[in-house]
Amino acid sequence: MFKKFSAILSTFMACVVLVVVTSVNAGESVNLWPEGKMPTVVKGQNMPTYEVFRPENKTSDTCIILFPGGAYQFLDPPSVMEVIAKFLNERGITAVVVRYRVPRPQTVAKHVTAWQDAQRAVRIVRSKAAELGVHPEKIGCLGNSAGGHLVLMVATTSQTRAYAPIDEIDDVPCHVNFAVPVYPAYVLEDGNDGPNREKGNDSTLVSDFSFDAKTPPMCLVHGDADVYSPMASVAVYHKLRTLNIPAELHIYALIHHGFAAAHGGPHHQAWLNRVYEWMQIMKY
């Protein structure tokens with residue numbers, strides 16, 4: 007059932023990206039790890055990279071790191087994140103797209119290699135803040151589906167090392183200053199490795215998240231017809247509020263999984279506008 011759903015979602019997203027504008031000032035893809043230094047090497051995974059998308063008219067010192075979805079089995083087509091990067095670039099914001107390792111490793115938890123890549127990416131961006139023209143304490147992250155789970159990993163576990171240091175970049179903190187999980191998957195014990203079985207009625211959060219001292223404000227986005235129950239985002243929102251961490255929650259009626267590439271229209275297609283408005287209110 008899960009494999010069938012993943013195939014349908016992949017086909018759907020591939021169709022979506024055919025009709026969106028993808029012309030964005032893309033730079034060179036750069037390897038996240040020095041040769042021979044990548045931790046937890048798993049045969050068959052891709053080489054993880056990052057790519058900087060710079061705005062033509064830079065008006066913000068904020069940078070957002072983007073993590074694509076794909077069930078930790080594959081990565082969304084590049085154009086999905088490019089749509090979001092273009093939206094941010096048009097508003098003067100720098101974006102960095104991270105293509106982390108997939109498919110899932112078999113010897114460790116499904117997200118471990120992706121989590122290592124994500125922490126490394128945050129450290130690289132912070133170490134290059136001056137070069138990028140961004141503030142080192144105005145770094146956020148946004149991701150959809152498995153990428154949303156990865157956003158939560160980055161946002162809640164920055165005080166836990168995902169890998170042993172390999173160079174001076176790993177002396178740089180890997181916390182983010184704000185986070186945007188978009189229909190995050192694998193958030194509840196009910197659905198910790200696939201779609202929710204009980205529609206999220208068991209709202210126990212998975213033990214992956216630590217909600218540590220550096221957990222930042224968040225803006226959560228979900229559809230209420232999602233097989234990865236919106237109760238996942240509700241549970242994260244509730245946890246943040248109990249910790250007095252500012253949070254905003256948007257749940258769109260009758261909307262299913264997989265709308266990350268859609269924006270600009272009515273209702274759920276305006277989700278990026280809601281995120282941008284939240285960033286303005288939060289001074290990011």
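When the sequence shown is numbered by our numbering, its final residue is 290 and no position is left out of the sequence of numbers. Ideal placement from N, C-alpha and C gives every residue a C-beta, glycine not left out.
Nearest-angstrom Cα separation, counted from residue j out to residue i
i, j, result
"glycine 197", "lysine 116", "13 Å"
"leucine 94", "glutamate 283", "12 Å"
"glutamine 286", "arginine 280", "10 Å"
"leucine 158", "phenylalanine 73", "11 Å"
"glutamine 79", "phenylalanine 217", "26 Å"
"proline 223", "glycine 154", "15 Å"
"asparagine 37", "methionine 53", "7 Å"
"glutamate 204", "alanine 238", "12 Å"
"alanine 170", "leucine 260", "44 Å"
"glutamine 275", "phenylalanine 265", "8 Å"
"alanine 253", "tryptophan 277", "15 Å"
"glycine 271", "glutamine 51", "36 Å"
"glutamine 122", "histidine 273", "35 Å"
The beta strand (DSSP E) enclosing residue i, as first and last residue numbers
i, result
"isoleucine 145", "145-150"
"phenylalanine 73", "69-73"
Inter-residue CB distance, residue i and residue j (contact presumed, cutoff 8 Å)
i, j, result
"threonine 263", "serine 151", "Note on identity: in this sequence residue 263 is histidine, with threonine being the wrong assignment. That belief holds up - the Cβ atoms of histidine 263 and serine 151 are roughly 7 Å apart, short of 8 Å."
"proline 187", "glycine 149", "7 Å"
"valine 212", "leucine 194", "7 Å"
"arginine 126", "proline 142", "Not quite, the Cβ-Cβ distance comes to about 16 Å (not below 8 Å), so this is no contact."
"tyrosine 290", "phenylalanine 184", "5 Å"
"valine 178", "arginine 129", "4 Å"
"valine 356", "leucine 138", "Look at the range of the chain in this structure, 7 to 290, and you will see that residue 356 is not part of it."
"valine 140", "valine 160", "About 17 Å separates the two Cβ atoms, so there is no contact after all."
Bridge partners - residue i, DSSP secondary structure assignment
i, result
"arginine 105", "Thr55"
"isoleucine 257", "His228"
"asparagine 183", "BP columns for asparagine 183 are empty, so no partner."
"valine 36", "Tyr56"
"valine 188", "Asn150 and Val227"
"leucine 211", "Leu194"
Alpha helix (DSSP H) segment containing residue i, residue limits
i, result
"tyrosine 243", "237-248"
"phenylalanine 93", "84-96"
"leucine 278", "277-287"
Length-filtered (4 minimum) alpha helix (DSSP H) runs lying within the segment 116-148: 118-133 and 135-138
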